[in-house]
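Peer 1:
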Amino acid sequence: MTGSSLYSCFDFRLSSEIPLPELATAGAGDSRPVVPVRLAALPETLAGGRSVGAGLEVAGEEAMLTIAETARYLVRDGREILVEPAPGGSPRNLRLFLLGSALGILCHQRGLLALHANGVVAGDRAFAFAGPSGAGKSSLAAYFAAAGHEILGDDVCAIAFEDGRPFAWPGLPRLKLWGDTLEAFARERGALEPAVEGMDKYHVPLADPAQPRPISFRRLYILSRAQAGAETAIRRLRGREAMDAVLAQTYRGQYLAPLGLSADHFRRCAMLLAHAEVYEASRAWGYERHPGDADRPDRPVYLADRRRSFPCNPRRAWLWRGPAFFVAKGLADAGERSGRERWWTGLDSNQRRGNPGRFTVCCL
47 MTGSSLYSCF DFRLSSEIPL PELATAGAGD SRPVVPVRLA ALPETLAGGR SVGAGLEVAG
107 EEAMLTIAET ARYLVRDGRE ILVEPAPGGS PRNLRLFLLG SALGILCHQR GLLALHANGV
167 VAGDRAFAFA GPSGAGKSSL AAYFAAAGHE ILGDDVCAIA FEDGRPFAWP GLPRLKLWGD
227 TLEAFARERG ALEPAVEGMD KYHVPLADPA QPRPISFRRL YILSRAQAGA ETAIRRLRGR
287 EAMDAVLAQT YRGQYLAPLG LSADHFRRCA MLLAHAEVYE ASRAWGYERH PGDADRPDRP
347 VYLADRRRSF PCNPRRAWLW RGPAFFVAKG LADAGERSGR ERWWTGLDSN QRRGNPGRFT
407 VCCL
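Heads up, the sequence shown is in our numbering, so the first residue is 47 and it goes up one at a time.
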């Protein structure tokens, strides 16, 4: 396609006339199928289409999403995306919705199970963290990235099935972090691209995977708020409770019924649960959890393994045994520890070094 660039995205490639710096360039010899992204003049409504709200209109195998003052996106049968930018619209916001809602529609049409979650690789298996906004999905992924783990992407964990078994694919090699989270990780805003116009949220690039490949999907963790005064806890969800959790964490799940894909999606969720586990990790939220610890200048906080460490801003972070602790502990309990995993020890003025059975992370 003239004037197009080829980008890596899940189990396909995007051949886009719109530059997409958020994505990694597809390498030579990559044989994944290609989905064109083309600029085009689009109608205001689809012939024979029906409006289903939130700017979405559906007609057969076509879905058109209209974002006021940004762009109109037409997704056709999982095969291509046509884009008409709005006059004077922000190119950054155009890409935000293209690689967000429009890409979510494409994934559903192509038969991928798209979870609203961040994926992390440990050993040779993939894990994902889901939960409502503010639950700490992106900051937890940033923690694991700093620990040396491969991150599959932010916001969307796309799962394909081979012989009925779930495999996660790498997606956007970036995290979207709020400004205060960047401060907690001692990162500067100035060198980063804003994720959304007018918001204190930024793209943090991740290392591109050496070669995009499917990774066996093992567990989904649902981050949730603990009851007042309750300790951080984890429990496995089973049966209907697990199914309800997966359905609730589907990325752009509100599009499934209008697209006529609810039954297919339910079957994919059932296949996921046949081979993967779902856990709920509940904890207290917010920086106000330990204001005294956060404000005490005599307690520097570090995240460290046996070989290296990096500082966290003590005014924005404190030691907290949260979902990362349980994930690491769960890996150990399941006997899935590998040479690539790092066993973390939190260090502060009241802790001893070298306690490999303890996992502490900053509450971000």
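Every residue gets a Cβ at the ideal spot worked out from N, C-alpha and C, and that includes glycine.
For clarity, every value in this text was computed on a predicted model and none was experimentally measured.
What residues in its chain sit with their C-beta under 6 angstroms from that of Pro178, if we drop five residues either side in the sequence?
Peer 2: Closer than 6 angstroms at the Cβ level, and outside the excluded window around Pro178, lies no residue.
Peer 1: Once you ignore the five residues that flank Val104 on each side, which residues in its own chain have a CB closer than 7 angstroms to its CB?
Peer 2: Gly95, Arg96, Val98, Pro304 and Leu305.
Peer 1: Thinking C-alpha only, which one of Thr116, Thr112 and Gly124 is nearest Gly106?
Peer 2: Nearest of Thr116, Thr112 and Gly124 to Gly106, Cα basis: Gly124.
Peer 1: Starting from Gly165, follow its DSSP beta bridges and name the residues at the other end.
Peer 2: Partner(s): Ala174 and Gly199.
Peer 1: Apart from the five residues on each side of it in sequence, which residues of its chain come closer than 6 angstroms, Cβ to Cβ, to Leu52?
Peer 2: Arg59, Ser61 and Ala72.
Peer 1: Where does Gly392 sit, in a helix, a strand or coil, going by DSSP?
Peer 2: Interpretation of Gly392 is limited by its pLDDT of 33, a score under 50 that renders its predicted location unreliable; no figure is taken from the coordinates.
Peer 1: Give me the Cα-Cα distance between Ala230 and Leu221, rounded to the nearest whole angstrom.
Peer 2: Each residue's alpha carbon lies about 15 angstroms from the other.
Peer 1: What do you reckon, are the CB atoms on Phe312 and Leu283 nearer than 9 angstroms?
Peer 2: No; because the gap between Cβ atoms is not below 9 angstroms, this pair is not in contact.
Peer 1: Could you please give me the residues that DSSP links to Pro240 through a beta bridge?
Peer 2: Partner(s): Tyr248.
Peer 1: Extract the residue ranges of the alpha helix (DSSP H) inside the region 115-165, only unbroken runs of 4 or more that lie entirely within it.
Peer 2: 137-143 and 149-155, all fully within the region 115-165.
Peer 1: Quick one, are the C-beta atoms of Ala132 and Arg118 less than 9 angstroms apart?
Peer 2: Yes, Cβ-Cβ distance for Ala132 and Arg118 is below 9 angstroms.
Peer 1: In the DSSP output, what is Lys222 paired with across the bridge?
Peer 2: Looking at the DSSP assignment, Lys222 forms a beta bridge with His249.
Peer 1: Beta-carbon within less than 7 angstroms of Pro251's beta-carbon, same chain only, minus the 5 sequence neighbours each way: which residues are those?
Peer 2: Contacts found: Pro219 and Arg220.
Peer 1: Across the region 184-198 and the region 149-159, are there enough close Cβ pairs to call them in contact, namely three or more that are closer than 8 angstroms?
Peer 2: Because the criterion of three Cβ pairs below 8 angstroms is not met, the region 184-198 and the region 149-159 do not touch.
Peer 1: Looking at the ligand COA, does it come within less than 8 angstroms of Ala176, judged from the CB to the closest heavy atom?
Peer 2: Questions concerning the ligand COA fall outside what the structure shown contains, since it holds no ligand whatsoever.
Peer 1: Roughly how many angstroms lie between the CA atoms of Thr227 and Tyr248, to the nearest whole one?
Peer 2: Distance between the alpha carbons of Thr227 and Tyr248: 10 angstroms.
Peer 1: Nearest CA to the CA of Pro82: which residue from Leu149, Thr91, Ala114 and Ala74?
Peer 2: Measuring from the Cα of Pro82, the nearest candidate turns out to be Leu149.
Peer 1: Whole angstroms is fine: what's the gap from Ala322's alpha carbon to Arg265's?
Peer 2: Approximately 5 angstroms, taken between the alpha carbons.
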